[in-house]
Amino acid sequence: MRTSKPPRTSSRSKSSHRWLQEHFDDVYVKRAQQEGYRSRASYKLLELQEKDRLVKPGMTVLDLGAAPGGWSQVALKLAGSRGKVIASDILPMDGIAEVTFIEGDFTEEAVFHRILAELAGNPVDVVLSDMAPNMSGMDAVDQPRSVYLGELALDLANQVLRPGGDMVVKVFQGVGSEAYIKELKANFRKVIIRKPQSSRARSREVYVLGRDFQRPDVPVG
Numbered sequence: 213m214r215t216s217k218p219p220r221t222s223s224r225s226k227s228s229h230r231w232l233q234e235h236f237d238d239v240y241v242k243r244a245q246q247e248g249y250r251s252r253a254s255y256k257l258l259e260l261q262e263k264d265r266l267v268k269p270g271m272t273v274l275d276l277g278a279a280p281g282g283w284s285q286v287a288l289k290l291a292g293s294r295g296k297v298i299a300s301d302i303l304p305m306d307g308i309a310e311v312t313f314i315e316g317d318f319t320e321e322a323v324f325h326r327i328l329a330e331l332a333g334n335p336v337d338v339v340l341s342d343m344a345p346n347m348s349g350m351d352a353v354d355q356p357r358s359v360y361l362g363e364l365a366l367d368l369a370n371q372v373l374r375p376g377g378d379m380v381v382k383v384f385q386g387v388g389s390e391a392y393i394k395e396l397k398a399n400f401r402k403v404i405i406r407k408p409q410s411s412r413a414r415s416r417e418v419y420v421l422g423r424d425f426q427r428p429d430v431p432v433g
């Protein structure tokens, strides 16, 4: 290490410091801590619910990319005791009473069949996907990864979602996002784009709602 002058702080270190400062000052982080939610992301789903009434009592909800469980907490509260919430993630997640968590990659046959076993032949009413790739900071890498995750979520929805069901998927605006939204429009009668207030303004993330799912072999519109 050079001692003739202070070590330089890398731009990444500065960025990390700003993120940490922003995180701890964030009103939604503080609310989540006070109200018992596992992440600030809970408020994104709560805002979507307030506008669009996605989850109703008694519904079956599939939450993809669920860890640490903020969306599953909200979905369980909305679906109620007569509903069912199945959560899945490649990362571990601390258990939530009455939420079925399946750890693993849902594109793998064994994990997919575990999800099907939990459904016991019943279709899903709402598919939720707040999945995001591990960000490298390189848009040419991160953007295709994020679109790919959206495609995986849609592929699974095509297999488990009931006709007339709904889907919410996080999309990062950029190369490939318009083509992906067009693909959603081929599978749902109505597609809505939302940017919740709890989504950080600098983030390119939006949430795309597909409403009234139609089987791929059924023409839309």
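Here my numbering = 1-based position in the sequence shown + 212. Glycine included, every Cβ here is placed at the ideal spot set by N, Cα and C. Values in this document were obtained by computation on a predicted structure and should not be read as measured data.
Pair within 8 Å by beta-carbon distance, residue i and residue j
i, j, result
"Val-311", "Ser-293", "no"
"Gly-204", "Val-403", "The chain is shown from 213 up to 433; residue 204 falls before or after that span and cannot be answered."
"Tyr-240", "Ser-410", "yes"
"Leu-373", "Phe-324", "no"
"Asp-275", "Leu-421", "no"
"Leu-260", "Val-380", "yes"
"Val-339", "Ala-291", "no"
"Asp-301", "Glu-321", "no"
8 Å contact criterion, which residue i and residue j should meet: CB distance rounded
i, j, result
"Arg-423", "Arg-401", "7 Å"
"Thr-272", "Lys-296", "5 Å"
"Glu-417", "Phe-384", "6 Å"
Chain-order list of residues whose beta-carbon lies under 7 Å from that of residue i (same chain, five-residue window excluded)
i, result
"Val-359", "Gly-388, Ser-389, Tyr-392"
"Arg-427", "Pro-375"
"Asp-202", "Only positions 213 to 433 of the chain appear in this structure, which leaves residue 202 out of reach."
"Met-347", "Asp-354"
"Arg-357", "Pro-345"
"Ala-253", "Gly-282, Trp-283, Asp-342"
"Val-267", "Gln-261, Val-273, Ala-287, Leu-290, Ala-291, Val-338"
"Gln-246", "none"
Secondary structure of residue i, DSSP reduced to three states
i, result
"Leu-266", "coil"
"Phe-318", "coil"
"Tyr-249", "coil"
"Ile-308", "coil"
"Ala-365", "helix"
"Val-430", "Bear in mind that a pLDDT of 48 at Val-430, under 50, signals an unreliable position, so the model cannot answer this."
"Lys-256", "helix"
"Ile-405", "strand"
"Pro-375", "strand"
"Leu-238", "Note on residue identity: the sequence assigns Asp, not Leu, to residue 238. The answer is coil: DSSP assigns Asp-238 none of H, G, I, E or B."
"Arg-416", "coil"
"Ile-327", "helix"
Nonlocal neighbours in the same chain, by C-beta distance under 8 Å from residue i, ignoring five residues either side
i, result
"Ser-251", "Ala-244, Pro-280, Gly-281, Gly-282"
"Pro-408", "Tyr-255, Lys-256, Glu-259, Leu-260, Tyr-419"
"Tyr-249", "Arg-243, Tyr-255, Gly-282, Gln-285, Val-286"
"Asn-399", "Leu-366, Ala-369, Asn-370, Gly-422, Phe-425, Gln-426, Pro-428, Val-432"
"Lys-394", "none"
Cut-off 6 Å between Cβ atoms - residues of its own chain near residue i, not counting five sequence neighbours on either side
i, result
"Leu-434", "This structure gives no information on residue 434, because the portion of the chain shown stretches from 213 to 433."
"Phe-313", "Ala-299, Met-305"
"Gly-270", "Arg-294, Gly-295"
"Lys-397", "Val-403"
>> Contact between the region 305-321 and the region 270-290 is defined here as three or more beta-carbon pairs at a separation below 8 Å; is this criterion met?
In response: yes
> If we count Cβ pairs, one from each stretch, closer than 8 Å, do we get three or more for the region 337-344 versus the region 362-374?
Replying inline: Result yes; three or more Cβ-Cβ pairs closer than 8 Å.
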